[in-house]
Amino acid sequence: MASAGDPPAGPRDAADQNFDYMFKILIIGNSSVGKTSFLFRYADDSFTPAFVSTVGIDFKVKTVYRHDKRIKLQIWDTAGQERYRTITTAYYRGAMGFLLVYDIANQESFNAVQDWATQIKTYSWDNAQVILVGNKCDLEDERAVPAEDGRRLADDLGEFILFTGNRLVDSICEKMNESLEPSSSPGSNGKGPALGDAPPPQPSSCGC
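Just so we're aligned: 191 in UniProt numbering is position 191 of the sequence shown, and the numbers increase by one with no gaps anywhere.
Dropping the structure here:
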């Protein structure tokens, strides 16, 4: 389990350096909304309900292929408790994308989305892509947040969208392409993506 900085380079990770891009993605939201389960489902295609609350930060690595490019994802699972907030917000810098998760059976977690959105705007770079995820859809009989409310909130927040899976990776690729235009200057506010983990995109290198 990581507590600060970037993940340690284990044998498997160190050997897997053949990629076109590396994206840092954070999963955020209130405690117990299912962030860890979402991470395991997406990264490992596995699921078990026997999880305890995340302490600080944890992460997994997943490689995906999008538009003929091999993209390595560092997916960070963050603790939702207030006492870990100082630790988790330190990881926002350099994140290319966020999965903002709420529990469809928990109205409080949905009400907190605005606060999480404010944190993203405060601590991350301006062009970070965000996906709003209504999690625990298997609890439809216990639903407390109507699906229309989720869609309405996504619309109200403007740059937030209601999709899952590789749509976030596609959104990051699209934003990267836009950033290659001469008039664009991502990170001009000093909060730009820290892409030291991977070579900066070249104008002719991304077909996303």
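Virtual Cβ for every residue (Gly too), placed ideally from N, Cα, C. Bear in mind the structure is a predicted one, so any value in this text is a computation, not a measurement.
| Asked | Found |
| --- | --- |
| Over the uninterrupted alpha helix (DSSP H) stretch that includes Y42, give me the two end residues. | 35-44 |
| Give the DSSP bridge partners of F98, in chain order. | L26, V130 |
| Measuring alpha carbon to alpha carbon, tell me which of E142, N135, K35, N177 ends up nearest N127. | N177 |
| Going by CA-CA distance only, name the one from Y65, S32, N106, K175 that's closest to E142. | N106 |
| Mind reading off the beta-carbon distance from L39 to I57? Whole number of angstroms is fine, and I expect it under 8 Å. | With 8 Å as the limit, L39 and I57 do not qualify as a contact, their Cβ atoms being about 12 Å apart. |
| Express the C-alpha separation of N30 and D45 in angstroms, rounding to a whole number. | 23 Å |
| Closest to R70 by C-alpha separation, out of L139, Y21, A95, would be which residue? | Y21 |
| In the structure shown, what three-state DSSP assignment does I104 receive? | coil |
| Do A117 and V133 count as a contact pair if the criterion is CB distance below 9 Å? | no |
| In angstroms, rounded to a whole number, what distance separates the CA positions of T89 and V113? | 15 Å |
| Distance check for G97 and I172, CA to CA, integer angstroms please. | 7 Å |
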